[in-house]
Amino acid sequence: MGTPPPAAGGEIHRILFHGRGGSLFGIHIVNVLLTLVTLGVYYFWGKTRVRAYLWGQTEIAGDRLAYHGSGRELFIGFLKAMAFFAFPLFLLSLLRDFTTWELLKWLSFVLSYVIVSVFFPLAIVGARRYRLSRTSWRGIRLSFRGSAREFVKLFIVNTILVSITLGLWYPLFDVRRHAFLTSESWFGNRKFGFDGASSGLFGSFLLTVILTPFTLGLCWFWYIAKKRRYFWDHTTFGAARFRYTATGGAVLRLMLGNLIILIFTLGLGWPWAQVRSARFVARYLTVVGPLDLESIQQDARAASATGEGLAGLLDAGGLDLG
Amino acid sequence: MRTDWDGHYLDGRTPVRRPARVRLTRAGLEISPEGGATAFWPYAEIRQTQGWHAGQAVRLEHGPDPAEAVVIADPAFLADLREIAQAPGLRFHDPRRRRRRVLYTGVAAGAIIAICAVLYLWGIPAAARIVAERVPVSWEEELGRAAVESLVKPEKQCREPAGQRALDALVATLVAPAPPSPYTFRVQVVDSKVVNAFAAPGGYMVVLRGLLDEARRPEEVAGVLAHEIEHVLQRHSTKALVQHVSTGLLITALTGDVTGAMAYGLESARVLGQLSYSRAAEAEADTKGMGLLVAAGLDPAGMIDFFEALERKERDSSGLLKYLSSHPGTADRVTRLRRLAAAAPAARRPALEPAEWTALRAICKGAGGAP
Chain A
22 MGTPPPAAGG EIHRILFHGR GGSLFGIHIV NVLLTLVTLG VYYFWGKTRV
72 RAYLWGQTEI AGDRLAYHGS GRELFIGFLK AMAFFAFPLF LLSLLRDFTT
122 WELLKWLSFV LSYVIVSVFF PLAIVGARRY RLSRTSWRGI RLSFRGSARE
172 FVKLFIVNTI LVSITLGLWY PLFDVRRHAF LTSESWFGNR KFGFDGASSG
222 LFGSFLLTVI LTPFTLGLCW FWYIAKKRRY FWDHTTFGAA RFRYTATGGA
272 VLRLMLGNLI ILIFTLGLGW PWAQVRSARF VARYLTVVGP LDLESIQQDA
322 RAASATGEGL AGLLDAGGLD LG
Chain B
337 MRTDWDGHYL DGRTPVRRPA RVRLTRAGLE ISPEGGATAF WPYAEIRQTQ
387 GWHAGQAVRL EHGPDPAEAV VIADPAFLAD LREIAQAPGL RFHDPRRRRR
437 RVLYTGVAAG AIIAICAVLY LWGIPAAARI VAERVPVSWE EELGRAAVES
487 LVKPEKQCRE PAGQRALDAL VATLVAPAPP SPYTFRVQVV DSKVVNAFAA
537 PGGYMVVLRG LLDEARRPEE VAGVLAHEIE HVLQRHSTKA LVQHVSTGLL
587 ITALTGDVTG AMAYGLESAR VLGQLSYSRA AEAEADTKGM GLLVAAGLDP
637 AGMIDFFEAL ERKERDSSGL LKYLSSHPGT ADRVTRLRRL AAAAPAARRP
687 ALEPAEWTAL RAICKGAGGA P
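These protein sequences, in sequence, are chains A and B.
Heads up, my numbering is the position in the first sequence plus 21, with the first residue counted as 1.
Heads up, my numbering is the position in the second sequence plus 336, with the first residue counted as 1.
Below, the structure written as structure tokens:
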């Protein structure tokens, strides 16, 4: 895989993030208070307020993103996730502890395993579907239209391949997963595309593994940067293409800085760490080429918040543009 | 006061942005997009979705999703809207209130610091006490047995019978004067040169051979055992479990969503937060352990001597460091214990007879530790 061909036309569309740590702290601290007072229930409404702020401060080609989700949706999604995954798993673990019948024990073990292995892919797809469907730019909604069944299949098959190959398959899994999630994403009636090759990260991955003992593992920051560049540089939108230019050193500085902020504030500095991350994406990510917006139409799809609740359960929430 | 404002209009069907004139009237907005017909939006049907923060344009939406919208960059628009609009129950943001919002934020921050401090200083210790009191002893025993089994390999266990008898006798001497407890105490010596001892829940205690080598007389071992027995009686491990979970919840509530590498930072913060709890537990085990020694008629100076010997060797980079890392502040604890011991009556008996002490020190010299 060489470098992707330059997009036609020289237009460069910048992404700007206008958010400030202080403003986000103001939102966050009130959320914390209400979450403590309501014994955690307000968490979902707080999360929605934070997202509305982050989205609303992100500007692409002169217009801000808008977030249309609600706390109620997230809360219901969380309850559904508990009912369909956490509660059955809890019942099965009780069954294992209290039955003396070996067959039943074995059966409950297998069933728990199945539930857990479909849980992760469903959570990833669900969260993406919900978040994109609640995001708009210039009044046009995004959407994710991939089939959850296909993704579960991809996820399980590749997980098995990773374990058979002792991890060597991982970079291929990573690209395939990302390709599926990207190429099934839409803005209005226009699809995003991904033209990376499955094996595109394999060389870098192998080199990173080999260098790990000699660099005390620091080379993984360069791998993370390489991976993000590969993912974005192969993402297209019509005739336009994304371009991401962050280096390993920049990723290292970002992550180390955030770590230090969080440790020394006992976590209270989270808003500043979040703003640093968003600014980082905005600094290094651009869209190159004509957007050709005249040919795009609104085409919204419904989405439920169950997957979103699952992601919350796994602590995988947040603005994950990177 | 201005009635006409420049903005742009999004029709909700295409991503094309059209310049528009927005006119404020008493009952609603008149929206005139460039090259389109003028539309009237009554105030009651308009939702403000952006423009609460400095530097953010005002965004007003109208109609069912996907809605049409106008975006007005100048935040002064909202102030004039409030002046002109006559409709009751307006839900638009008032920029003049931002100053008051800063005040509320300050108050909220203060309240949170107060709530967290109260929870940390009183709430979590109280919860740990209440939960620990209600955990059945049989659960603790199960947990303790599993912990000792997974930590101590069978071939490392020292089982010389005479030594074990001496050790059990010493534990019995220490426990005898204490109020009756539901625990059965079991001590296991492990063949390791590390100077350490620990208590698992449910009465299981482990002494490493290095500690027996380091001790110069049985009263020093008695001092360490009394300390470990109090860890069991005060249910410190069970409380530590509850504290671990609760501090985790508190930190999660404070930080919202944290992904990837940030989670490691939080874990460190949690460990920092828990250190003071573990120091309090050590101090309690010291004080009450000394009470056990005195009640059993043993010389409490043995405990102090042992800790002092540890303190003298603190700078040595030997196995001692391991002992100290979980028991911080040796100098302070020696001073405190010395004050307590000064008030104690003279010892009535030795902790072990010389023959027993010799047997205990030889507990690992048996038939290779095999049962």
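Every residue gets a Cβ at the ideal spot worked out from N, C-alpha and C, and that includes glycine.
- Under the Cβ criterion of 8 angstroms, Gly-399/B is not counted among the residues facing chain A.
- Residue-level contact by beta carbon holds for Arg-349/B and chain A, with a gap shorter than 8 angstroms.
- Pairing Ala-683/B with Val-568/B, the inter-Cα distance amounts to about 25 angstroms.
- In summary, no residue of the stretch 563-581 of chain B has a CB separated from any CB of chain A by less than 9 angstroms.
- Note: Arg-262/A is bridge-paired with Thr-257/A, Val-309/A in the DSSP secondary-structure output.
- The beta carbon of Leu-417/B lies closer than 7 angstroms to those of Leu-360, Phe-428 in the same chain, with the five residues before and after it left out.
- At a cut-off of 8 angstroms, the C-beta of Trp-158/A has a neighbouring C-beta in chain B.
- Counting only the Cα atoms, Asp-527/B lies some 53 angstroms from Val-146/A.
- Taking a beta-carbon distance threshold of 8 angstroms, Leu-646/B does not count as an interface residue toward chain A.
- When the five nearest sequence neighbours on each side are left out, the beta carbons in the same chain lying within less than 7 angstroms of the beta carbon of Arg-697/B are those of Leu-548, in order along the chain.
- Within 10 angstroms of the beta-carbon of Leu-439/B lie fewer than 16 other beta-carbons, which makes it exposed.
- Runs of the alpha helix (DSSP H) spanning 4 or more residues and lying entirely within the stretch 527-596 of chain B occur at 545-550, 554-569, 572-591, in chain order.
- Secondary structure of Trp-190/A (DSSP, three-state): coil.
- The three-state secondary structure of Cys-700/B, taken from DSSP, is coil.
- Between Leu-314/A and Val-352/B, the alpha-carbon positions lie close to 7 angstroms from each other.
- Put simply, of Pro-518/B, Arg-522/B, Pro-515/B the residue whose alpha carbon is nearest the alpha carbon of Gln-500/B is Arg-522/B.
- Per the C-alpha coordinates, the member of Thr-257/A, Ala-246/A, Phe-119/A, Thr-180/A positioned closest to Phe-226/A is Ala-246/A.
- The Cβ atoms of Thr-441/B and Val-51/A lie closer than 8 angstroms to each other.
- By the neighbour-count definition (other C-beta atoms within 10 Å, threshold 16), Phe-140/A is a buried residue.
- In the displayed model, Phe-643/B falls within a helix according to three-state DSSP.
- According to DSSP, Glu-80/A shares a beta bridge with Leu-37/A, Arg-85/A.
- At a cut-off of 8 angstroms, the C-beta of Ile-460/B has no neighbouring C-beta in chain A.
- Residue-level contact by beta carbon holds for Glu-315/A and chain B, with a gap shorter than 8 angstroms.
- Short of 6 angstroms from the beta carbon of Glu-550/B, and not among the five residues preceding or following it, lie these beta carbons of its own chain, in chain order: Val-531.
- In chain order, Gly-77, Arg-85, Ala-87 make up the part of chain A whose C-beta sits under 9 angstroms from the C-beta of Arg-395/B.
- Taking 8 angstroms as the cut-off, the Cβ atoms of Phe-213/A and Ile-161/A do not count as close.
- Contact check between the stretch 215-224 of chain A and the stretch 184-195 of chain A: three or more CB pairs, one atom from each, fall below 8 angstroms, which counts as touching.
- Residue nearest to Ile-451/B within the set Arg-149/A, Pro-109/A, Thr-56/A is Thr-56/A (criterion: CA-CA distance).
- Interface residue (Cβ-Cβ distance to chain B less than 8 angstroms): Leu-115/A is not classified as such.
- Listed in chain order, the non-local C-beta contacts of Arg-383/B below 6 angstroms within the same chain comprise Glu-397, local neighbours out to five positions each way being set aside.
- Along the stretch 417-442 of chain B, the positions whose C-beta sits under 8 angstroms from a C-beta of chain A are Arg-437, Val-438, Tyr-440, Thr-441, read in chain order.
- Taking 8 angstroms as the cut-off, the beta carbon of Thr-203/A is found no closer than this to the beta carbon of Trp-76/A.
- Look at Phe-376/B here: in three-state DSSP terms it is strand.
- Contact between Gln-570/B and Glu-620/B holds, with the beta-carbon distance rounding to 6 angstroms and staying under 8 angstroms.
- For chain B, the residues of the stretch 49-60 of chain A that bring a beta carbon within less than 8 angstroms of one of its beta carbons are His-49, Ile-50, Val-51, Asn-52, Val-53, Leu-54, Thr-56, Leu-57, in chain order.
- By the neighbour-count definition (other C-beta atoms within 10 Å, threshold 16), Trp-122/A is an exposed residue.
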